[in-house]
Every structure is written in structure tokens, then in C-alpha cells.
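Residue numbers (my numbering): 35 to 581. Worksheet: the structure to be examined is printed underneath.
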């Protein structure tokens, strides 16, 4: 395509002609053309010749002043603009393609067609160190301390660093920002690396570590209870000492979690603080953002030089990088070649502590009836939250017994009313009045996803004792009692497994089925393992072009 097609002036002239004359052959004078194109009559001939050379119009000029000329728009403005944008996509110049879409207010069209254009035009032209990613969401907030959006996890994990790392396979903690650490009594000592810089060039110091950790103790912060064991934090040269009120077996797990990453406030954009990770922000807009490789990173570098992310409008599938990610799956899926599936966790029915034992037992029995009747063929039913169990579902009761034990009315979280509709219909058949409520704190029944990420111990502890569902599943006394058991236990994995069994045996939670995510990977992409929270680690992704 010639350089002239890159001219926004030419495109704008075509837009004006197309809008006024359409694509029918027309006889028109130069004065009218000048008015339509908002230019002088002396420039009409030059402009029309340029558009004709581009193949966009047919134009036969007349002779003399006021003589009529013959015009026909051969290609509509929409068709030409889409071709121009596609041409930039084919050359890998997505920023320029997006600029044209912005200028002519074609961002919606751009988002709709970008996945198809990428698939059609970019095959075989991939750069080995750049990832182009099409995602069905806009730029998420990426503050580690407030992170709840699963999509943000992909970025936060490579933008920020924690003091230590936890290896779930070996159940050990490894040095990271703190290249040395140990415990004496109730005090943990961390020696901070002297060679780490935030992405804005500021040297990471022990003072930054202290301020980041203390920020988590504020009540407005997610899971602040994990930090309430901290008595004081002191600094001595490169050492940070943290003294606890009691010996907390969860504390190191807390520090190794990405939510505890060390950050530097960004006053101009508080939702995007500075990190020190293997990648830093390049471009950052609502519909387009990018990450650049941090070549000064103190630990293992990422492999990709750059990762570009573009927001596209959701269709039947969405492309994430050189992957095609399908919707999260609650139902069974057919095995297909090239399709990878990763389990995210379980979906469960939760019962409020405000329900008495008899009501919970009856509701649980109805739930298991409904599962066997309506969901067994289409879902992977389960009897556990976190610890796999092969206990079969086999509880069947007659309706008369259930009607006696069931409450007369049940409040169900409105957000969940479609997730388990056969259950709510069964309640109606049994004479139970259903009321839908908007707030979890007012609900007696709701559906919850229990997902597990890098550290299964911390995630089990959080979901069962600290999360918003846990607050509504247990009375304050019961929750405090169970937390105390964890603090005093010599084997934290065993006690957490016991708590899971209690939740299920006491019918506080009824596991429904497993959740998973399915995606198709580009044949040359490696390192695309998806963790239990449903996102990949960008720092481990690479292209393998070996034949």
C-alpha cells in the first residue's frame, strides 16, 4: 500500500465524499466538491486526482469554470479505513492502527475485528521476544495491596516483588528482596538487598519495606487480619526486624504472598504504584497497555522483551496473547487436540451461621438430591473444597421429611440466582418461600468459588477463616475458636484439613462441582502453565521456533 494511504487528510476527504454522494455515479461541479470537502476550489482537482490514484474514486474532470465533472466513489470510507487499519496490523504496527481508529471514532470496530485480523494477517510473522495479547477486559487496577481482580494477577506478579518466596512443592521459603532472613523467638530478621530499584529509579530501602507492611494493618485493607500479629517493625541499617505479638504459623506465608509485595506510592496514579519486578509499565491506557522487560532486574529476567495487551470486544472466544482463552468452565468439556485445561478450584453452596443445624442439614440434603438429578451428567461433582475426596453423593430423602426440617423462607444472594436455578426451583416445589437479597451479609444461602493459587496453605486459611464468606459462615466466636486452633497447631496442613471436614460435615458448605479454565495455545508458545487462580506468569513465557 502506498504512503498516501496513511494520510488522514485523504481518508477524511473520502469520508466527506462518501457521506454526501454515496457510491452512485454523480455529475457535480467544483464549487460543490469544494463545499463538501471544506477546501478551496483550486485544491479540488489535486485532491480528486490523489483519491483517484489511490483507487478510491472514479473522477472525470470537465473543462473550464463551472463545468460539471463526473464522480463515483468506488470504495466506501468504511471499507478503505478498515483496509488501512488491517495493513498496519499486518505490519505489526498496532499503535498506528489504533491511532487511526481513534481519529475516526472506529475503536468499537477495531476491538470487534482485531482478533480476526491478528489471526488472518500475523501468521508466521511473530517476533520471538514480543507477545501481542488480545483480552476481553479493560486495564485493571494493579495495586498489590488491594488486588482482587483475577485479571490483575497476571500483571501484579511480574511488576512487584515480595520479601521472600514460597515453594508449594517443597513447602519451603526462599530469599528474594530479603537475601537473608531468620527467626529468633517472636522476631523475624530480614536483610534487604542493597541493589534493588523501583521502576522509577528510586533505590528500594528498608524504610519502604516497613511502610508497605504497616499499610496492610489498616482495617480498610483486604485480609488485614493476617497482619494483626505484628507488634512492631524496626530498622537497623539494611536489616528489618518484625516482632510479633504471638508465634503465627501463617506469618511467613503472608509475607510471601503477592499481596504483600513491596511498593512505592505513585501520587499521580495511586492505583498503579511503582514496583521492582522483572517487568515495568510501558504504555498504559484503558484499552491498550504494555509491559517492558526490566533489564536491570536483580533476579531471573523474563524472556519476553515486551508484552502488548489490547482490549477487544468479547466474542465466542477471546485471544490472550498467542493463546485463545475460552470461558471459565463449570461444565464438563470434550477433549480436543491442542486444548489445555487447568482446574481453578470448586464451586460450593454456602449456608449462613444464622441457619440452625436442622435447617442446614435439610438444605444440604435437598442440594445433594438436586445435584444427582440435574447436574451429574454435565458437571464434575465433588465432595471437597480443597482436599480431593472420592466420597460418593448418595443421600436421598423423601419430601415429607424435608418439608418438616426446611425453613419456611430462605434469603438467597441475588447475584447467584442463575448459578444453581434447579435448587431454587426445588425449594419452591417443597413450599419454601424464596427472597433474593443484594448483600452477602443478609443472605442465608449463596454460591461461592473457592480458588487456590501459589500457596495452598495461605489460600485455605484465608477462605475458611478470613474471607467475607467465612465471616458469614461462622459466628464470631466460632471463627475466633478455629483461628486459635490454627495458631496452636504443630501441623498447620492437618488442622486446615480438619477445618475443611468440619465445614462439610456440619453442612456449613456443600461442595457442588469443580471449576476449570480451558485455552488453546499457539504452537510455538511455551511456559503457559496456568495457576489455580487462572492466570499465567508472564516472566516464564517464551517462543520456541525450532522445527
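Built from N, CA and C at the ideal position, the CB exists for glycine as well. Just so we're clear, the structure is a prediction, and the values are computed from it rather than from any experiment.
- Looking at the backbone, the Cα of residue 125 and that of residue 119 are separated by about 10 Å.
- Nearest to residue 164 by C-alpha distance, out of 544, 445, 547, 340, is 340.
- Note: residue 169 is bridge-paired with 345 in the DSSP secondary-structure output.
- The C-beta distance from residue 456 to residue 404 rounds to 5 Å, short enough to meet the 8 Å contact threshold.
- Spatial neighbours of residue 145 in its own chain (CB-CB distance under 6 Å, excluding positions within 5 residues in sequence) are listed in chain order as 346, 347.
- For residue 62, the enclosing beta strand (DSSP E) covers residues 60-62.
- By the neighbour-count criterion, in which a residue is buried when 16 or more other Cβ atoms sit within 10 angstroms of its Cβ, residue 470 is exposed.
- The C-beta separation of residue 220 from residue 211 comes to about 22 Å, leaving the pair out of contact by the 8 Å criterion.
- Assignment of residue 255 by DSSP, reduced to helix, strand and coil, places it in the coil class.
- Proximity of the region 226-238 to the region 512-531 falls short of the contact definition, fewer than three beta-carbon pairs being nearer than 8 Å.
- Spatial neighbours of residue 317 in its own chain (CB-CB distance under 7 Å, excluding positions within 5 residues in sequence) are listed in chain order as 323, 324.
- Taking residue 518 as reference, the option from 507, 495, 81, 535 with the minimal CA-CA separation is 495.
- Taking residue 536 as reference, the option from 461, 446, 417 with the minimal CA-CA separation is 417.
- Minimum Cα-Cα distance from residue 42 among the listed residues 92, 57, 74, 131 corresponds to 131.
- Your pair residue 516 and residue 499 checks out as a contact, with CB atoms roughly 6 Å apart and the cut at 8 Å.
- DSSP lists 344 as the beta-bridge partner residues of residue 322.
- In summary, residue 379 is buried, with 16 or more beta-carbon neighbours lying within 10 Å of its beta-carbon over all protein chains present.
- Contact check for residue 185 against residue 169 passes: the beta carbons are separated by less than 9 Å.
- Counting only unbroken stretches of 4 or more residues, the alpha helix (DSSP H) elements lying wholly within the region 379-421 are 391-404, in sequence order.
- In the structure shown, residue 108 falls within a coil segment according to DSSP collapsed to helix, strand and coil.
- Segment contact: the region 268-276 against the region 474-491, fewer than three CB-CB distances shorter than 8 Å; contact not assigned.
- Less than 9 Å divides the Cβ of residue 114 from the Cβ of residue 45.
- In this structure, residue 467 and residue 442 form a Cβ contact; the two beta carbons are roughly 6 Å apart against a cut-off of 8 Å.
- Annotation for residue 92: the continuous beta strand (DSSP E) segment containing it runs 91-94.
- Counting along the chain, residue 47 sits inside the alpha helix (DSSP H) bounded by residues 42-55.
- When secondary structure is reduced to three states using DSSP, residue 230 falls in the coil class, being assigned neither helix nor strand.
- Per DSSP, the beta bridge partners of residue 484 are 380.
- Rounded to the nearest whole angstrom, the C-alpha separation of residue 200 and residue 208 is 6 Å.
- Following the DSSP letters along the chain, one finds residue 241 inside the alpha helix (DSSP H) bounded by residues 240-249.
- Per DSSP, the unbroken alpha helix (DSSP H) holding residue 522 starts and ends at 510-522.
- Fewer than three pairs of CB atoms, one per stretch, sit closer than 8 Å, so the region 324-336 makes no contact with the region 244-256.
- Classified as buried, residue 312 has 16 or more neighbouring CB atoms from the shown chains inside 10 Å of its CB.
- DSSP places residue 491 in the helix class (H, G or I) of the three-state scheme.
- By the Cβ neighbour-count rule, residue 87 is exposed, with fewer than 16 other Cβ atoms within 10 Å of its own.
- Of the residues assessed, residue 112 falls on the exposed side of the cut-off, its CB having fewer than 16 other CB atoms within 10 angstroms.
- Contact annotation, residue 224 with residue 232: C-beta distance approximately 18 Å; criterion of less than 8 Å not satisfied.
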